[in-house]
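Each remark here refers to the structure printed beneath this line.
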Amino acid sequence: MQTLSRMDEFALIRNAQNGDLEAFNRLILAYQEMVYNQAYRVMGEADAAEDATQEAFISAYRKIHTYRGGSFKAWLLRIVTNACYDELRRRKRRPVVAIEPTDDYDNEIESPRWMASPGESPEDFVTRTELSASIQRCLNTLSEDFRTVVVLVDIQGMDYAEAAEIMGTPLGTIKSRLARARRGMRKCLQNIGELLPAAFRFSSEVSE
Amino acid sequence: MNNKISKRDWEAISAYLDGQISERNLARFEARLQREPALRSALNEMDAVRQVLRNAPRLRAPRNFTLTPQMVGQAAYRPPRRKTHLAPFLGWATIAATLLLVFVLIGDFLIVSNAKPVAIAPPSDIVPLQEVALEISPATEAAAPANEVESPPLNAPAAGGYSETQPETSGSAAVLETAAVPETEPAVTAERIFSPAVAPTATPASPQSDVSLSAAADPVTGTTLYPAESAVTGTVALTETAYTADVALATAVTDVPAATTATAAESDAAELPAEGLPAENTAQPTAVLQTPVPTSTPQPAVSLPSPSTSEATSTAAASVPADTNANLAAEDRPGQNSAAETAEKPAFHLLLRDIEIVLLVAIAGMFVSWLFLRRRG
């Protein structure tokens, strides 16, 4: 992933607003991983995540003139969130059969091809892959709205206000949805505790 | 031990972990955490979930999502347009030119309705050398017969030469000619008007005597008259006014032909009133002076600033203070008044009509450009 300085980012956005597609493509290269991660965690499936990511960038380019400063990441997250909702609706109407292999739980196995980091030990890689898959499995148990908010806050690091802006909901709604989503995740992660890497295993002492 | 954690407590825990709990509830919540181990456990568990999520491995993008022009329905990338401030400028220039046109029209109307002509500064960015023939008969009957004041182009190797004037009307008429003078700068096109000034008499002595003449303010029109050197030497004042695009500052170049045929008068030029000569001050047609006048002196013109487009198009304006001067001179002589005016009016009217046309074209051009720029920007 490329990283851009604030100045570079500002200049690229300005150029993109003037119709410079190359400038916007540089922004895409800098943000595509973040956008794809958001799409993947919300969609729960690589194919759909790709589609949503591509749609989000097309939409972002067309709406680039509406960007009025502030966090460009948050602006992009709002667009990809909408793209995910659109894609989910579309897939509900016309369910598609995943062509990529899925595991026993019908969850797609994240492709090791692009999961591997250079210099990573095989053990770490397995741990990381398992952790990622477990998280996704649990996220998939949540409804869209809860999934989206917990991904925005806990994976993307947005604060409540930003999440409220991105989702177009009041702050209080974000607060309660996030609490419920975390509770759901806690429950799920406890249930599949043995699948979690040891460092992340925890047992429950409290009941609801 | 009651391990039950309410929904509200979970929300408080969640907000507390994110530092989003309100000030008012914070102390109370922390006190509860001290007292209630179950709450503490719940907090730890939720924090663990948070840590798991925050440590979620980032996935690599399976491919690049860069866009092609076809994907966004864009034909091809055009380089960003250069930002110009031309549009607002053109807008204001259009307004200014329109105001100027209104001025000219009023002036035109005043002339038609027998009023005194006023100085007009027409902008013309495309007008080539324009020839204006003015015929005035400022001299009295007693004046030297046929005070012909010529203004041959001094450094005019081309560009139209100068026009021939109408034949003299009544005996002693000073024939004013407008000569086409080549442009001194490429950016400057100018209309020029010869002012008859004080034609009937001339300086018998040196051309330096004109320094004693200063610009006289016309009480009628309120314009400043510049008799300049040419007035003294008995020739016409040629003012060439140029506007630069940037400053719209009018500067006049008095381009007086060198050879001036004049009748010598006994009176010294320094004593000559700028507005004209009294009728008694008639001169004997004695000597013909060849008075070379060093000119090309930039001089502020009595004219309205003319707007111009910023594409280095200079609009030129000519001021006609001398005409007013001539008019006054004519007025000074009873009996010549009506004749002079009737002769002057049509020519002046024609000039104004030219100016109006030029203004209209300029306004239309600037307005269309302004609209185009606005739409493009």
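Note that the protein sequences, when read in sequence, are chains A and B. To get this note's numbering, take the position in the first sequence, counting from 1, and add 130. To get this note's numbering, take the position in the second sequence, counting from 1, and add 10. No residue lacks a Cβ here, since even glycine has one placed at the ideal position from N, Cα and C. Note that this is a predicted model, so its numbers are computed, not measured.
Reference R386/B; option with closest CA among N148/A, M164/A, R171/A, Y170/A: N148/A
Backbone secondary structure at K193/A - three-state DSSP: coil
Exposed unless 16 or more other CB atoms sit within 10 angstroms - verdict on V59/B: buried
Proximal chain B residues relative to A293/A, where beta-carbon distance stays under 8 Å: Result: empty, since nearest Cβ-Cβ is about 10 Å, beyond 8 Å.
Anticipated Cβ contact below 8 Å, L69/B with N167/A, distance rounded: 5 Å
Endpoints, alpha helix (DSSP H) assigned at Q147/A: 136-147
Interface residues of the segment 21-40 of chain B facing chain A [CB-CB below 8 Å]: Those residues of the segment 21-40 of chain B that come within reach of chain A (Cβ to Cβ, closer than 8 Å) are E21, I23, S24, A25, D28, Q30.
Among Q162/A, D275/A, V280/A, the one whose alpha carbon lies nearest that of I265/A: V280/A
Where V256/A falls, given that 16 or more other Cβ within 10 Å makes a residue buried: exposed
Opening and closing residue of the alpha helix (DSSP H) in which S32/B lies: For S32/B, no alpha helix (DSSP H) segment is defined, and its DSSP state is neither H nor E.
Residue range of the alpha helix (DSSP H) that includes E55/B: 47-64
Against chain A: residues of the segment 40-55 of chain B by CB proximity under 7 Å: A48, S51, A52, E55
Close beta carbons around T278/A, own chain, < 7 Å, minus the five adjacent residues each side: Counting only Cβ-Cβ distances below 7 Å, and skipping sequence neighbours, we find V172, T211, M297.
Exposed unless 16 or more other CB atoms sit within 10 angstroms - verdict on P67/B: buried
Of the residues Q184/A, E260/A, G302/A, A311/A, the one placed nearest L326/A, counting alpha carbons only: E260/A
Whole-angstrom C-beta distance between L96/B and L383/B, which should lie under 8 Å: 6 Å
Selection from L282/A, I194/A, L151/A, D216/A that minimises the alpha carbon distance to M81/B: Cα-wise, what sits closest to M81/B is L151/A.
Of the residues K305/A, Q184/A, P252/A, A213/A, the one placed nearest N74/B, counting alpha carbons only: Among K305/A, Q184/A, P252/A, A213/A, the Cα nearest to that of N74/B belongs to Q184/A.
For L319/A, the first and last residue of its enclosing alpha helix (DSSP H): 301-321
Range of the contiguous alpha helix (DSSP H) that encloses R258/A: 252-271
Proximal chain B residues relative to V280/A, where beta-carbon distance stays under 8 Å: In chain order: L63.
Cα-Cα separation, R198/A to P300/A: C-alpha separation (whole angstroms): 21 Å.
Per-residue contacts from A372/B into chain A (C-beta, under 8 Å): Ordered by position in chain A, no residue passes the 8 Å Cβ test against A372/B, which lies about 32 Å from the chain.
First and last residue of the uninterrupted alpha helix (DSSP H) at A169/A: 151-173
Cβ-based neighbour list, F202/A, same chain, cut-off 7 Å, excluding 5 preceding and 5 following: E139, I143
Distance, E253/A Cα to I188/A Cα: 38 Å
Exposed unless 16 or more other CB atoms sit within 10 angstroms - verdict on R363/B: exposed
Segment contact flag, the segment 16-27 of chain B with the segment 37-50 of chain B, C-beta cutoff 8 Å, min 3 pairs: yes
Alpha-carbon spacing of R312/A relative to M56/B, whole angstroms: 7 Å
Alpha-carbon to alpha-carbon, V165/A and L100/B: 45 Å
Helix, strand or coil at L96/B [DSSP, three-state]: Three-state DSSP puts L96/B in a helix.
Under the three-state DSSP convention, the category L120/B falls into: helix
Contact check, E292/A vs A160/A, beta carbons under 9 Å: Cβ atoms of E292/A and A160/A: not closer than 9 Å.
DSSP-derived helix/strand/coil call for G101/B: helix
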